[in-house]
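S.K.: Protein chains in written order, with the numbering used here: chain A, 1 to 247; chain B, 1001 to 1708.
Just so it is clear, CB atoms sit at the ideal spot from N, CA and C, and this is done for glycine as well.
The structure is given below, and queries will be raised subsequently.
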């Protein structure tokens, strides 16, 4: 399988006044197409920083990041934006829907930014996704009229509407109750299987590791290991966590 | 293209949804924009309308489109709005014919009207003079053998009435002030005039008694007033043709080739009419035309009071018979037994809103026919004395042919301040020589043994070599005759020659050939005025004439600058309002941007380019601008439309002139709305730039802010 993501010896430092805080320290990671990868670790371990670098919303202090075979280090801001638009879908912890737009318009937004699909095609894709994520009846509702789970479904649909090769999800279940979180993970998993879309999601919740095809564990900005979901659950020692393959 | 439109649609959608989501902010910002755009539409429409109406007034009444005068003049030409009695100090243009030829060579010039502006104080005589004049004429006829005894007795009775009025006046002054307020010789004259002996003397020596009365008693009647007349000397026919709003109100125009004077109707009413009658007219018109009431208007109350206290002007006109008639009619009208006519008149003029219309009618039906309403009547001869250019007093007698007004500007002081006279008489008064005068002067000089002396050396010749200080009229030495013709005429029996001057004719060709001070130019295409002015000056240069051309606005002095001033005030107000709007919109948008950092970050993360965000914010403010600017403009159009429907009343003389009539019916043109919307959109766009800059700086990482 081809690598969709290739992160090599990446360092990322943040400056806090005169202090330099290292967020990532020499992380290397390859992600193959079609993977359902979890990036695990406690708060402050560097999960979101790694996702930011993979998502091209940030640039490494050192090291290289290549997405779909294209190194991002030499890309301009404009090119990075285009790369995000066409290759990557984002799912955020806080859903990040545009509050003034309807569900349908939120999902359609990336397509409008792409300017490639006609109105008819856009509507068809949006409606298909609405059906797929199970919120077709809320198409004309505003995000504020939906529950957390429904909002995250909208976010998932928005991330997938451009048919990206890679979907990045930052703590997608952190703001949801456990039942809803499970449903969302099941949905993502199903989409991963049927659409062959690569999913990388960060989580600090060991219970959701079981959904991943593999788990990358981070601590203090360093990659500790990359293990299978079963191994991760075992090593993480989380009692009662669902096992890989559990729908 | 479809994609771009769809993107624009989503931008607009987001913008509108954001505006709706922040209703209060939108309403505050929108309210300011709405007010500003309404102000711009109404303000510019009003200023444009006043500009148009004022230009009609100025161009159509005296200035024409362009005024041309000698570029070597000391002063700038001002045909309006000048408060000087004399005109500006202008160098003359010696040959109007050459000037006309040069001006007519400019393609856009349609008409050229020769002009000269000046002013004089004209004694209009008083009532006592008039009565004594009649008595003197009767005495002359009696001495010639006519039987006019009854008429003389009636006139003597009138003089006695007048003396009675004046005696009462003098006594009143003594009571109110002190005895010292009345000069002893005045008191003595009144005593002598009141004594029965005077009329015995009159029978023996009528002319001697008349002389006493004329010299000692007539000056005591304070109704004698000077008329302050500003006038244009012109070719009356060309003037009437070029200023087609001019209409003759009373009498006729000055016939071609005749010396004559036309009063401006406004001045005729204001200065020549019996004051009491004029005030009554003004009260009547203010109530009828302007809806004012005596009960509420202080100005009207003041006029009523003046009329009630100043009845002497009427009393002096009444002889015994008229007095009895007035007593009878007023007693009947007022239901009073009062015997004193002056008290009856006072009561009669104490009008209120209930009786003004009836009293007005009664005055003109019953009393006015017995009164001389105008001190100078149409057909009378007016003696105008004015200082010539070289400082001597010159006088001409002119027949008053009538009165004129400009259509629509009948009540305007500014349009009505100038009277008209023929250009030949103007030249006489101004001290310009004419062929006729030069012949006269030559004859006189020969007879008197005068020699020509050089003007520059005149003082040295007359007073010795030391007196070299230049004469005050030095500025115009190049144009003045070597010896002042008027002074000579005046001093050497010119008076005799001027008898019946008013009846003398002149060759109309003289109008063309002589001196003028300025000329009004009417153009074919008013849009080409600036170019035409340049062409005129070039044509003057080519013809060897130092011509200066100024447009109507400049020629009308302060009056013409009025609209420019209003426009400046309007634009400054608009500037302030929109500067405030810019700051407020900017702040509101900055706040909105800061509140939407996560949303903007999300848009950036999902692939929105920076320009999309800038466009979003610009569209957002432009939407507010367009929406509220549009509503404000519509309200402005509505307000102007309403004003056009009802008309804005001209509450004073100046407004009457600016409005070119009693009401301004403002018009609106698309340009007024376009200006308002353009300002609004520029301000809106500008105020979104800084927030847009902030938004562009938002990193897509902002969307990923979670636990780290």
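Short of 8 angstroms Cβ to Cβ, which residues in the stretch 1604-1615 of chain B face chain A?
M.R.: Those residues of the stretch 1604-1615 of chain B that come within reach of chain A (Cβ to Cβ, closer than 8 angstroms) are 1604, 1605, 1606, 1607, 1608, 1609, 1610, 1612.
S.K.: Shorter than 8 angstroms from the beta carbon of residue 1023 (chain B) to some beta carbon of chain A?
M.R.: Position 23 of the second chain, counting from 1, holds the residue named residue 1023 (chain B). Cβ-Cβ to chain A under 8 angstroms: no for residue 1023 (chain B).
S.K.: Would you say the stretch 34-52 of chain A touches the stretch 191-207 of chain A, given that touching needs at least three Cβ pairs under 8 angstroms?
M.R.: Yes, the stretch 34-52 of chain A is in contact with the stretch 191-207 of chain A.
S.K.: Tell me, to the nearest whole angstrom, how far the beta carbon of residue 1074 (chain B) is from that of residue 1117 (chain B); I am working on the premise that it is less than 8 angstroms.
M.R.: In the second chain, counting from the first residue as 1, residue 1074 (chain B) sits at position 74. In the second chain, counting from the first residue as 1, residue 1117 (chain B) sits at position 117. Not confirmed; about 15 angstroms, so no contact.
S.K.: Grouping DSSP H, G and I as helix and E and B as strand, with all else coil, what is residue 1106 (chain B)?
M.R.: Within the second chain, the letter at position 106 stands for residue 1106 (chain B). Of the three classes helix, strand and coil, the one that applies to residue 1106 (chain B) here is coil, per DSSP.
S.K.: From the DSSP output, read off the bridge partner residues of residue 204 (chain A).
M.R.: Residue mapping note: residue 204 (chain A) aligns to position 204 of the first chain, counting from 1. DSSP output for residue 204 (chain A) lists no bridge partner at all.
S.K.: Does the pairing of the stretch 169-181 of chain A with the stretch 82-101 of chain A give three or more beta-carbon distances under 8 angstroms?
M.R.: Yes, since at least three Cβ pairs between the stretch 169-181 of chain A and the stretch 82-101 of chain A fall closer than 8 angstroms, the two stretches touch.
S.K.: Starting from the Cα of residue 1193 (chain B), find the closest Cα among B:1214, B:1291, B:1036 and give me that residue.
M.R.: One-based indexing of the second chain puts residue 1193 (chain B) at position 193. Checked all of B:1214, B:1291, B:1036; the closest Cα to residue 1193 (chain B) is B:1214.
S.K.: Would a C-beta distance cut-off of 8 angstroms place residue 1650 (chain B) and residue 1633 (chain B) closer than the cut-off?
M.R.: As a first step, residue 1650 (chain B) is located in the second chain; it is residue number 650 there, counting from the start. As a first step, residue 1633 (chain B) is located in the second chain; it is residue number 633 there, counting from the start. No.
S.K.: From the DSSP secondary-structure annotation, give me the bridge partner or partners of residue 1067 (chain B).
M.R.: Position 67 of the second chain, counted from the start, is the residue given in the question as residue 1067 (chain B). Answer is B:1520, B:1550, bridged to residue 1067 (chain B).
S.K.: Counting only beta-carbon atoms, is residue 1620 (chain B) nearer than 8 angstroms to chain A?
M.R.: Working through the second chain from its first residue, we reach residue 1620 (chain B) at position 620. No, no contact with chain A.
S.K.: Taking DSSP as the reference, what is the three-state secondary structure of residue 1491 (chain B)?
M.R.: Walking along the second chain from the start, residue 1491 (chain B) turns up at place 491. Confidence at residue 1491 (chain B) is low in this model, with a pLDDT of 42, below 50, so its placement is unreliable and no value can be given for it.
S.K.: For residue 1703 (chain B), would you say it is in contact with chain A, using Cβ-to-Cβ distances shorter than 8 angstroms as the test?
M.R.: The residue given as residue 1703 (chain B) occupies position 703 in the second chain. It does: the Cβ of residue 1703 (chain B) has a partner Cβ on chain A nearer than 8 angstroms.
S.K.: Just to confirm, is the Cβ distance from residue 1370 (chain B) to residue 1315 (chain B) under 8 angstroms?
M.R.: Translated into positions along the second chain, residue 1370 (chain B) becomes position 370. Translated into positions along the second chain, residue 1315 (chain B) becomes position 315. No. Outside cutoff.
S.K.: Is there a Cβ of chain A sitting closer than 8 angstroms to that of residue 1688 (chain B), yes or no?
M.R.: Numbered from its first residue, the second chain carries residue 1688 (chain B) at position 688. False, the Cβ-Cβ gap to chain A never drops below 8 angstroms.
S.K.: To the nearest angstrom, how far is it from the Cα of residue 1097 (chain B) to the Cα of residue 1112 (chain B)?
M.R.: For this step, residue 1097 (chain B) is matched to residue 97 along the second chain. For this step, residue 1112 (chain B) is matched to residue 112 along the second chain. Straight-line Cα distance between these residues: approximately 11 angstroms.
S.K.: Does DSSP put residue 1597 (chain B) in a helix, in a strand, or in coil?
M.R.: Taking the first residue of the second chain as position 1, residue 1597 (chain B) is located at position 597. In the structure shown, residue 1597 (chain B) sits in a helix (DSSP, three-state: H, G or I).
S.K.: Going by beta carbon distance, what residues of the same chain come within less than 6 angstroms of residue 1593 (chain B), once the five residues before and after it are set aside?
M.R.: Locating residue 1593 (chain B) in the second chain gives position 593, counting from the first residue. Result list for residue 1593 (chain B): 1691, 1694, 1695, in chain order.
S.K.: Starting from residue 217 (chain A), follow the beta strand (DSSP E) in both directions and report where the run begins and ends.
M.R.: Sequence index remark: in the first chain, residue 217 (chain A) carries index 217 (1-based). Counting along the chain, the beta strand (DSSP E) containing residue 217 (chain A) begins and ends at 214-219.
S.K.: Please return the same chain residues whose Cβ sits closer than 7 angstroms to the Cβ of residue 1478 (chain B), not counting the five positions on each side in sequence.
M.R.: Translated into positions along the second chain, residue 1478 (chain B) becomes position 478. Bear in mind that a pLDDT of 37 at residue 1478 (chain B), under 50, signals an unreliable position, so the number given afterwards is only what the model happens to contain. Counting only Cβ-Cβ distances below 7 angstroms, and skipping sequence neighbours, we find nothing.
S.K.: Looking only at its own chain, which residues have a Cβ that is under 6 angstroms from the Cβ of residue 259 (chain A), when we skip the five neighbours before and after it?
M.R.: Residue 259 (chain A) is absent from the model: chain A starts at 1 and stops at 247.
S.K.: Would you decide whether residue 1396 (chain B) is buried or exposed? Buried here means 16 or more other CB atoms lie within 10 Å of its CB.
M.R.: The residue given as residue 1396 (chain B) occupies position 396 in the second chain. By the neighbour-count rule (16 or more Cβ atoms within 10 Å), residue 1396 (chain B) is buried.
S.K.: Whose C-alpha, out of A:46, A:166, A:151, is nearest the C-alpha of residue 69 (chain A)?
M.R.: If you number the first chain from 1, residue 69 (chain A) lands on position 69. When only C-alpha atoms are compared, the closest one is A:166.
S.K.: Residue 1401 (chain B) and residue 1254 (chain B): beta carbons closer than 8 angstroms?
M.R.: As a working mapping, residue 1401 (chain B) is identified with position 401 in the second chain. As a working mapping, residue 1254 (chain B) is identified with position 254 in the second chain. Against a cut-off of 8 angstroms, the Cβ pair of residue 1254 (chain B) and residue 1401 (chain B) comes out as a contact.
S.K.: Mind listing the chain B neighbours of residue 57 (chain A)? Cutoff is C-beta to C-beta under 8 angstroms, in chain order.
M.R.: One-based indexing of the first chain puts residue 57 (chain A) at position 57. By Cβ distance, chain B contributes 1604, 1605, 1699, 1700, 1701, 1703, 1704.
S.K.: Using a Cβ-Cβ distance under 8 angstroms, would residue 92 (chain A) count as near chain B?
M.R.: If you number the first chain from 1, residue 92 (chain A) lands on position 92. At least one chain B Cβ lies under 8 angstroms of residue 92 (chain A).
S.K.: Could you give the distance in angstroms between the alpha-carbon of residue 1535 (chain B) and the alpha-carbon of residue 1099 (chain B)?
M.R.: Within the second chain, the letter at position 535 stands for residue 1535 (chain B). Within the second chain, the letter at position 99 stands for residue 1099 (chain B). Each residue's Cα considered, the two are about 13 angstroms apart.
S.K.: I'd like to know whether the C-beta of residue 1026 (chain B) is nearer than 8 angstroms to at least one C-beta of chain E.
M.R.: In the structure shown, chain E cannot be found, because the protein chains are A and B.
S.K.: 8 angstroms is my cut-off, CB to CB: does residue 1010 (chain B) come that close to chain A?
M.R.: By one-based count along the second chain, residue 1010 (chain B) stands at place 10. Yes, residue 1010 (chain B) lies at the interface with chain A (some Cβ there is under 8 angstroms from its Cβ).
S.K.: Is the beta carbon of residue 1158 (chain B) sitting closer than 8 angstroms to the one on residue 1522 (chain B)?
M.R.: Against the second chain, residue 1158 (chain B) aligns to sequence position 158. Against the second chain, residue 1522 (chain B) aligns to sequence position 522. Result no, Cβ atoms of residue 1158 (chain B) and residue 1522 (chain B) do not sit closer than 8 angstroms.
S.K.: Against chain B, does residue 105 (chain A) count as a neighbour if the rule is that its beta carbon must be under 8 angstroms from one of theirs?
M.R.: The count along the first chain starts at 1 and reaches residue 105 (chain A) at position 105. Judged by the 8 angstroms Cβ criterion, residue 105 (chain A) is in contact with chain B.
S.K.: Across which residues does DSSP place residue 1664 (chain B) in a beta bridge pair?
M.R.: On the second chain, position 664 is the one that residue 1664 (chain B) refers to. Partner(s): B:1648.
S.K.: Contact between the stretch 1543-1554 of chain B and the stretch 1578-1594 of chain B is defined here as three or more beta-carbon pairs at a separation below 8 angstroms; is this criterion met?
M.R.: With the cut-off at 8 angstroms, the stretch 1543-1554 of chain B and the stretch 1578-1594 of chain B do not touch.
S.K.: Could you tell me if residue 1499 (chain B) is buried or exposed, where buried requires 16 or more neighbouring beta carbons within 10 angstroms of its beta carbon?
M.R.: Residue 1499 (chain B) sits at position 499 when you count from the first residue of the second chain. Confidence at residue 1499 (chain B) is low in this model, with a pLDDT of 43, below 50, so the placement of that residue should be treated as unreliable; the coordinate-derived value is given next. When all chains shown are included, residue 1499 (chain B) counts as exposed.
S.K.: Using only CA atoms, which one of A:128, A:144, A:223 lies nearest to residue 47 (chain A)?
M.R.: Here residue 47 (chain A) is taken as the residue at index 47 of the first chain, counted from 1. Per the Cα distances, A:223.
S.K.: Would you say residue 1595 (chain B) lies against chain A (beta-carbon separation less than 8 angstroms)?
M.R.: The sequence position of residue 1595 (chain B) within the second chain is 595, counting from 1. No, because no Cβ of chain A sits closer than 8 angstroms to the Cβ of residue 1595 (chain B).
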